[in-house]
Each structure stands twice: as structure tokens, then as C-alpha cells.
Amino acid sequence: MTFNNLRRLSPLLAGLLLVGATLGAHAADLLDTVKARGTLKVGLEGNYPPFNFKDPKTSELTGFEVDVAKLLAAKLGLKPEFTTTEWSGILAGLGAGKYDVIINQVGITEARQKAFDFSDPYTLSSAQLIVRKDEKREFKSLEDLKGKKLGLGQGTNFEQKAKSVPGIDIKTYPGSPEYLADLASGRIDAALNSNLLVGYLLKSSNLPLKGGAPVGTIDTIGIPFQKGNPQFKAALNKALADIQKDGSFKQVSVKWFGIDVSKPPAAQ
Numbered sequence: 004m005t006f007n008n009l010r011r012l013s014p015l016l017a018g019l020l021l022v023g024a025t026l027g028a029h030a031a032d033l034l035d036t037v038k039a040r041g042t043l044k045v046g047l048e049g050n051y052p053p054f055n056f057k058d059p060k061t062s063e064l065t066g067f068e069v070d071v072a073k074l075l076a077a078k079l080g081l082k083p084e085f086t087t088t089e090w091s092g093i094l095a096g097l098g099a100g101k102y103d104v105i106i107n108q109v110g111i112t113e114a115r116q117k118a119f120d121f122s123d124p125y126t127l128s129s130a131q132l133i134v135r136k137d138e139k140r141e142f143k144s145l146e147d148l149k150g151k152k153l154g155l156g157q158g159t160n161f162e163q164k165a166k167s168v169p170g171i172d173i174k175t176y177p178g179s180p181e182y183l184a185d186l187a188s189g190r191i192d193a194a195l196n197s198n199l200l201v202g203y204l205l206k207s208s209n210l211p212l213k214g215g216a217p218v219g220t221i222d223t224i225g226i227p228f229q230k231g232n233p234q235f236k237a238a239l240n241k242a243l244a245d246i247q248k249d250g251s252f253k254q255v256s257v258k259w260f261g262i263d264v265s266k267p268p269a270a271q
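Under this note's numbering, the first residue of the sequence shown carries the number 4, and numbering increases by one thereafter.
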């Protein structure tokens, strides 16, 4: 599954979450609550590498978003307190008050904004091509791959995106290791994945490959929390701005992905 497929929110769930958010709208501002408690309760999956997952050696939570949560909590003068849960119930858990925020690649969509407030975006993503480092041909769009071989994960929304352009010879694979190996050896001409994972894959594969052109629209990722908390929203956005300004956000982003994921894909 891919980011967009995993992160679709049904109209029924959106309605239920909207009710929960409305019920909590008149409570004290969340900023006062977390300051009094001294902790920021963060919901995440805990099995979504490289964003958040348990280190196989230590069983400790690690990953890009764990690092981001720690940076933000520190700026707010708080300690992070993590709760792991399945994606299918993570938004409902926020609506029920099980945690203060979710830091888990939640796309900012119109449906979700009816149920929750969001921070400013902290990652931007789009589909992106992957090509060999010595590639001389310019593939600026999927249309440029007509008559060429394109590798991607089987059953992903990238497969449907590629099929929308007639003439591309689509090769599907169980996962990224297989199509990256075929790309490096010249058996296919390009591959396609999310630009967030492209940086991570290139950093970890050590193959003679590079990121190609972004294709499609840009998705924005933010931090959702209960509506009716303007002071918390302002403080959270200030903390985000501060870690971007002092370079600590970019440092953890490059650590996990090799790129600054707060920048548009075309700017990398």
C-alpha cells in the first residue's frame, strides 16, 4: 500500500470524528493542558519505517517522526510520550483524546480538516521517478516514458498512475529492492515511488541511482489535533518554524532521507 491508499478517510469516520471534535471544542486550550502535564502525548503507528518504527536491536521507537516529535516537544518545554496504534484507528483515537497529536504522515485533506485542526505542513511529497546516475535521456514526465520500461510496486497507486498513460511498458515487482536492482542493471529504464521514500531508498541502497523528476500533484503532511485550541496551534506552528530555522529539522530529515522533506520535490 502507498501513502495515499493508506490515508484515505471514509465519510462515515470523518463524521464521527467531527462529532468528537465538536464535543471537545469548549474545553480548556490544549496548550494549558500539556503544559500542566509536562508531556506531549503523540500517537503513531510504530511500524512504519523510516518514519516511525521499533529498532530491532533495542526495541526502542525510532525514525524520522520520532525525532521530529522529540524536537517539537523540547521547543514546547515538554517531554514526548508515545502511543503506538494501528493506522485504521489512529484518527479515532485522537478524536477520543487518547493522545494530543498524531505525527504519522497524516495528509492534510478537506475531509480531515472538518474533523481536526492541523499544524503547518512539515513534509511535502509527490510521486517521483528514479533513474540511473549515468542516464542521459531526460524523463520529465510519465509521457516521456512511452515505449520505455517502468518499474514499480505491485498493487500501488503508482501502478494506476502509470497505467493512465498509454504506451508505457509497466513492470511490477513485490517491492523496491527488486525494481531498484533491475533499474541499476539496465533491465528497466526508470522506477516510480513517493519522493519521501526515494530519498530513503537511494540513501540505503548504495546503488548507482538518482532521483528523477517529480510527477503529479504535491501532497501536504501535517500534525492533526483537536479543534478549538488556538493557543496550542500557534505554539506548535512556532515550534515547527523554530526547528526549521535552527536547522535541526533539516538535520533529522537528511539523516533519514538524504533530503529536506519540508521542501517541494522539485527543489531538491
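Yeah, the Cβ is synthetic: ideal placement off N, Cα and C, and Gly gets one too.
Beta-carbon gap between residue i and residue j smaller than 8 Å
i       : j       : result
Val-218 : Leu-132 : yes
Gly-156 : Gly-189 : no
Leu-75  : Gln-234 : no
Lys-78  : Ile-246 : yes
Glu-63  : Phe-54  : no
Phe-260 : Gly-202 : yes
Phe-121 : Ile-221 : no
Ala-194 : Gly-154 : yes
For residue i, the first and last residue of its enclosing beta strand (DSSP E)
i       : result
Ser-91  : Segment 90–98 is the alpha helix (DSSP H) holding Ser-91; no beta strand (DSSP E) there.
Asp-70  : That residue, Asp-70, is in no beta strand (DSSP E); its alpha helix (DSSP H) goes 67–78.
Gly-214 : 212–225
Asn-196 : 193–197
Arg-234 : It is worth fixing the name first, because residue 234 is Gln in this sequence and not Arg. It is not in any beta strand (DSSP E) - Gln-234 instead sits in the alpha helix (DSSP H) that spans 233–248.
Gly-154 : 152–156
Glu-84  : 82–87
Beta-carbon proximity list for residue i, same chain, < 6 Å, skipping 5 on both sides
i      : result
Glu-84 : Thr-42, Lys-44
Asp-3  : The question about residue 3 has no answer here: the residues shown for the chain are numbered 4 through 271.
Alpha-carbon spacing of residue i relative to residue j, whole angstroms
i       : j       : result
Phe-119 : Ser-144 : 35 Å
Ala-72  : Leu-239 : 11 Å
Val-109 : Pro-169 : 32 Å
Ala-216 : Ala-114 : 29 Å
Gly-96  : Gly-49  : 15 Å
Leu-200 : Asp-32  : 36 Å
Phe-142 : Asn-232 : 46 Å
Arg-135 : Gly-98  : 45 Å
Val-257 : Gly-250 : 11 Å
Ser-208 : Glu-181 : 11 Å
Leu-94  : Ile-105 : 8 Å
Ile-173 : Ser-197 : 17 Å
Ala-244 : Lys-213 : 30 Å
Cross-strand partners of residue i (DSSP beta bridge)
i       : result
Ser-188 : Partner(s): none; Ser-188 has no beta bridge.
Val-257 : For Val-257, which the question treats as bridged, DSSP gives no partner whatsoever.
Asp-120 : Phe-228
Thr-126 : Ile-224
Arg-135 : Leu-212
Lys-44  : Glu-84
Val-104 : Val-45
Lys-57  : Leu-64
Range of the contiguous alpha helix (DSSP H) that encloses residue i
i      : result
Thr-36 : 33–40
Proximal residues to residue i (C-beta, below 8 Å), its chain only, five neighbours per side dropped
i       : result
Lys-266 : Leu-127
Ile-224 : Gln-108, Val-109, Gly-110, Ile-111, Pro-124, Tyr-125, Thr-126, Leu-127, Ser-128
Pro-211 : Arg-135, Lys-136, Asp-137, Ala-187
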